[in-house]
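Here's the structure we're looking at; comments come further down.
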């Protein structure tokens, strides 16, 4: 049974974002007018000091969720899902609900894309508040998922530098309207103007997420009897129950997910993604590199592989359809490389899938 690994529809997406819609540029007059996030430096010499934001004080009043003893003896690196920033923004909970003063908080560039891609006058205040929550909690930006795979997991040099989306976060948080966001938000203190073209980001998101959904549905088409017929019936206006694997077919699929080569297939797909944006060009790794790099990657990506596998199990045996937003959520688990790296989410399904995969300690559920 062939399985299309997570990321095929998203493969190269980080680099595409940098090249087309999310390139930040600076300098006296060197802004790229086609870029999604523009940073026009008005200081005259094109220089601007780098600022790092330290962790802010915790808001008292709520008791932090307890972690397992294995997690309490080390500083946690908390990877916050986008829904957590929305909940922080509307005060459903505060940071003390899920973090201690020693924890480090992180946000994914995919969260920035998610917030930036669906702006409208009706949603403006909520998305602006979510961007402000990223700034207020002092979260640091993670590398995009493909760069992370290339640099951190497989130890490759990138073909070009990564692009930070911090300016996009600041622009969204400080904008007074959707129109002002697209015209440019002036920062007189830092002498820059920051823009976000939400329509362009939304289009990019739609393409990438649409490819991912089609990838997932192609797996269902291939593996589930009558799934293609079900899709045709749904297109014709009928609403039959979603078909799923049963009996011997279900048992065969579940047995394959427990085979040693299963995770190797998923990690190999991640390796292909890394090669696409790295300076390394050969399609096949050497025997030495296979032993050293792939073995380490199998360990580091074991949580990601487990959660992705559980997601596939839901799709093929649970009568569930892929959700476009799930594509970005699954990518967060690439960063959950050990028990110190914990994904924080308000969606219970990710906690459930992580527990089923044996990595419940790497997901912290925080709800209203």
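Numbering (the working numbering), first residue to last: -7 to 360.
Yeah, the Cβ is synthetic: ideal placement off N, Cα and C, and Gly gets one too.
When you compare only the Cα positions, how much space is there between residue 93 and residue 263? 36 Å
Within its chain, find whatever has a CB closer than 7 Å to the CB of residue 306; leave out the 5 residues flanking it on each side and keep chain order. 312
According to DSSP, simplified to helix, strand and coil, what is residue 99? Reduced to three states, the DSSP call for residue 99 is strand.
Hey, how far is the Cα of residue 290 from the Cα of residue 171? 46 Å
Which residues in the same chain have their Cβ closer than 6 Å to the Cβ of residue 299, if we skip the five residues on either side of it in sequence? 325, 345, 346, 349
For residue 85, which residues of its own chain have a beta-carbon under 7 Å away from its beta-carbon, when the five flanking residues on both sides are left out? Residues of the same chain with a CB within less than 7 Å of the CB of residue 85, apart from the 5 flanking positions on each side, are 54, 79, 358, 360 in chain order.
Burial state of residue 202, where buried means 16 or more other Cβ atoms lie within 10 Å: exposed
Contact check, residue 81 vs residue 122, beta carbons under 8 Å: yes
Kindly list the residues whose CB is nearer than 6 Å to the CB of residue 328, restricted to its own chain and excluding five residues on each side of it in sequence; keep chain order. 295, 335, 354
Can you name the start and end residues of the beta strand (DSSP E) that residue 187 belongs to? 184 to 188
Less than 7 Å between C-beta atoms, sequence neighbours within five positions excluded: which residues of the same chain meet that for residue 158? Counting only Cβ-Cβ distances below 7 Å, and skipping sequence neighbours, we find 133.
Could you give the first and the last residue of the continuous beta strand (DSSP E) run that contains residue 124? Segment 116 to 128 is the alpha helix (DSSP H) holding residue 124; no beta strand (DSSP E) there.
With DSSP as the reference, please indicate the residues paired to residue 69 in a beta bridge. 96, 333
Figure out for me which residue from 109, 240, 140 has the closest Cα to the Cα of residue 153. 140
Cα-Cα separation, residue 253 to residue 195: Their Cα atoms are separated by approximately 37 Å.
Taking residue 271 as the reference, give the member of 143, 70, 219, 177 with the closest Cα. That would be 143, whose Cα lies nearest to the Cα of residue 271.
Name the DSSP bridge partner or partners of residue 356? 336
Determine the DSSP secondary structure at residue 199, reduced to helix, strand or coil. helix
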